[in-house]
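Visitor: First the structure, which I've put down as structure tokens, then a few questions once you've had a look.
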Amino acid sequence: MSRIAYVNGAYVPLAGAGVSVLDRGFQFADSIYEVWAIRGGRLFDADAHMSRLRRSLNELRIHFPMSDAALYAVLRDTQRRNRVTDGIVYLQISRGAAPRDHVFPSLSVRPTIVVTAKNLDQSAIARRAAQGIKVITLPDTRWARCDIKSVNLLPNVLARQTAKEKGAFEAWFVDEAGFVTEGTSSNAFIVDAQNRIRTAAISNHILHGVTRAALLAIARDHQLKVVEEPFTTEEAKVAGEAFISAASNPAVPVVAIDAAQVGNGQPGPIAKALRAFYLGAEPENRRFEAESGLAPERRTLMFAAQPRARRGATKEA
Ligand SMILES: Cc1ncc(COP(=O)(O)O)c(C=O)c1O
């Protein structure tokens, strides 16, 4: 639980923290956000999240003058004040508070910035990774700019609630052509019949997941075949493996989609390996090598290499 929030330049107790009722984030969802995972006290993929934040601001034409260095200082300070070692830091920037009007307010209206940080339940995270999760599929009813990380999340909220009510951890959105776009707060992947990692290509219809990009880079580094092409619900249900990715849920195996079991109903070896490499640890054991179903030469490549510092992991000291 976050105890201290940063709001427009001040650190205040979370319980009393607030923004104006005229804030455009509250009135119109005219606001963007970003989430960094913190592991062992460090921000993961720090710069990639920062660039996506800048991109979201640009796309919405929110002029936010604070430098990256100043923002990092606030992120770190909020992390420190909340004693977060393994969790997330959340940042939201709205266009600011102004009398309600759909049209943008004048540039003299300063954007609102809020930062919070909290530790996450590590046992729940470990359980999800070890046991895998269930997902359900639902129609993608979102707008056509899902690449912008805006707080316009109502379809995601409703879908996630439906997932919870059906005993699933995540819901995958399916577009009108029958293809899975992504989850409510994660990207979606399968390992198809040709042992290829498949995930929808970057477009306006999905969030350009930072973890997605990192996992695909790791997979390519280990000579795994990656195809950025969407898959249908039917393809996912007969896939060898499926998994999701998000900053706080990197390569979490999916073991059931709707009522269908995925693969043998257990977390798949590729998702487990990607997760281990992403987190900078060795794959939990070599048994997995035999189970992976990969050609022997690929297995060697996957497992011979010591996990190295991931590309662009963080610039944080
Ligand atoms: C809709 C959606 N897709 C994908 C992701 C994964 O993005 P990232 O890996 O950058 O956390 C998120 C993360 O919150 C999300 O909300």
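Residues in the sequence shown are numbered consecutively from -3, following the working numbering. Even for Gly, the Cβ is constructed at its ideal location relative to N, Cα and C. Since the model is a prediction, treat every value here as computed from it, not as a measurement.
Between G83 and A113, is the Cβ-Cβ spacing less than 8 Å?
Guide: Start at 1 with the first residue of the sequence shown, and residue 83 comes out as number 87. Start at 1 with the first residue of the sequence shown, and residue 113 comes out as number 117. Cβ distance < 8 Å, so G83 and A113 count as in contact.
Visitor: Looking at ligand 1, does it come within less than 7 Å of G205, judged from the CB to the closest heavy atom?
Guide: Residue 205 sits at position 209 when you count from the first residue of the sequence shown. Yes, the Cβ of G205 comes within 7 Å of a heavy atom of ligand 1.
Visitor: By Cβ distance below 7 Å, which residues in the same chain neighbour V250 in space, the five residues on each side in sequence not counted?
Guide: Mapped onto the sequence shown, residue 250 falls at position 254. So the list reads G128, I129, V131, A238, F239, I240 and V258, once near-sequence residues are dropped.
Visitor: Quick check on the DSSP output: the beta strand (DSSP E) that includes P107 runs from which residue to which?
Guide: Position 111 of the sequence shown, counted from the first residue, corresponds to residue 107. From DSSP, P107 is part of no beta strand (DSSP E); its letter is neither H nor E.
Visitor: Rounded to whole angstroms, what's the CA-CA distance from L290 to L212? Just pull it up for me.
Guide: Here residue 290 corresponds to residue number 294 of the sequence shown, with the count starting at 1. Here residue 212 corresponds to residue number 216 of the sequence shown, with the count starting at 1. Confidence is the limiting factor: at L290 the pLDDT is only 46, short of 50, which leaves the residue's position unreliable and the question unanswerable from this model.
Visitor: Going along the chain, which unbroken runs of the beta strand (DSSP E) with 3 or more residues stay wholly within the stretch 11 to 73?
Guide: 27 to 35
Visitor: Which residue wins for smallest C-alpha separation from L275, given the options Q219, E230, D254 and I214?
Guide: Taking the sequence shown and counting its residues from 1, the one referred to as residue 275 is at position 279. The residue from Q219, E230, D254 and I214 with its alpha-carbon nearest to that of L275 is I214.
Visitor: Report all residues from its chain with a CB closer than 7 Å to the CB of N78; omit the five preceding and five following residues, and keep chain order.
Guide: Counted from its first residue, the sequence shown places residue 78 at position 82. Counting only Cβ-Cβ distances below 7 Å, and skipping sequence neighbours, we find S(-2), R(-1), I0, A113 and K114.
Visitor: DSSP three-state label for K130, please.
Guide: Position 134 of the sequence shown holds residue 130. Strand, per DSSP.
Visitor: On the criterion of 16 or more Cβ atoms from any shown chain inside 10 Å, does R156 qualify as buried, or is it exposed?
Guide: Against the sequence shown, residue 156 aligns to sequence position 160. Under this definition R156 is a buried residue.
Visitor: Considering only C-alpha positions, which residue in the set D19, L49, F40 and D41 is nearest to Y29?
Guide: Walking along the sequence shown from the start, residue 29 turns up at place 33. For Y29, the nearest C-alpha among the options comes from L49.
Visitor: Can you tell me where the beta strand (DSSP E) with I144 in it begins and where it stops?
Guide: Working through the sequence shown from its first residue, we reach residue 144 at position 148. Premise fails: I144 is in no beta strand (DSSP E) and is neither H nor E.
Visitor: Hey, quick one: how far does the alpha helix (DSSP H) through V206 stretch, first residue to last?
Guide: Start at 1 with the first residue of the sequence shown, and residue 206 comes out as number 210. From DSSP, the alpha helix (DSSP H) with V206 extends over V206 to D217.
Visitor: Hey, could you find the ends of the beta strand (DSSP E) A167 is sitting in?
Guide: For the purposes of this step, residue 167 is identified with residue 171 of the sequence shown, where counting begins at 1. First-last of the beta strand (DSSP E) with A167: E166 to V170.
Visitor: Counting pairs of Cβ atoms below 8 Å between the stretch 187 to 195 and the stretch 163 to 173, do you hit three or more?
Guide: no
Visitor: What's the C-alpha gap between V187 and D97?
Guide: Here residue 187 corresponds to residue number 191 of the sequence shown, with the count starting at 1. Here residue 97 corresponds to residue number 101 of the sequence shown, with the count starting at 1. About 47 Å.
Visitor: Cα separation between P61 and L87?
Guide: For the purposes of this step, residue 61 is identified with residue 65 of the sequence shown, where counting begins at 1. For the purposes of this step, residue 87 is identified with residue 91 of the sequence shown, where counting begins at 1. Going from the Cα of P61 to the Cα of L87 covers about 15 Å.
Visitor: Between G179 and ligand 1, is there a pair consisting of the residue's CB and a ligand heavy atom that are separated by less than 7 Å?
Guide: For this step, residue 179 is matched to residue 183 along the sequence shown. Answer for G179: yes, Cβ within range of ligand 1.
Visitor: Look at the Cβ atom of R20, then the Cβ atom of S27, and state whether they are nearer than 8 Å.
Guide: Taking the sequence shown and counting its residues from 1, one reaches residue 20 at position 24. Taking the sequence shown and counting its residues from 1, one reaches residue 27 at position 31. Taking 8 Å as the Cβ cut-off, R20 and S27 qualify as a contacting pair.
Visitor: Would you check if the distance between the CB atom of T228 and the CB atom of F185 is smaller than 8 Å?
Guide: The count along the sequence shown starts at 1 and reaches residue 228 at position 232. The count along the sequence shown starts at 1 and reaches residue 185 at position 189. In this structure, F185 does not lie closer than 8 Å to T228 by Cβ.
Visitor: Judging by CA-CA distance, which residue of L149, C142, V147 and T180 is the nearest neighbour of A159?
Guide: Within the sequence shown, residue 159 is the residue found at index 163, counting from 1. Among L149, C142, V147 and T180, the Cα nearest to that of A159 is on T180.
Visitor: At which residues does the alpha helix (DSSP H) containing I314 begin and terminate?
Guide: With the chain covering -3 to 313 only, the question about residue 314 has no answer from this structure.
Visitor: According to DSSP, simplified to helix, strand and coil, what is L154?
Guide: Position 158 of the sequence shown holds residue 154. Note: L154 maps to helix in three-state DSSP.
Visitor: Can you grab the Cα-Cα spacing for the pair E287 / V70, in whole Å?
Guide: Position 291 of the sequence shown, counting from 1, holds the residue named residue 287. Position 74 of the sequence shown, counting from 1, holds the residue named residue 70. The pLDDT assigned to E287 is 44, lower than 50, so where the model puts this residue is not dependable; a value taken from the coordinates is nonetheless given after this. Our two residues, E287 and V70, have alpha carbons roughly 45 Å apart in a direct line.
Visitor: When the Cα of A6 is compared with those of D41, V110, A42 and L18, which residue comes out closest?
Guide: Walking along the sequence shown from the start, residue 6 turns up at place 10. For the residues D41, V110, A42 and L18, the minimum Cα distance to A6 belongs to V110.
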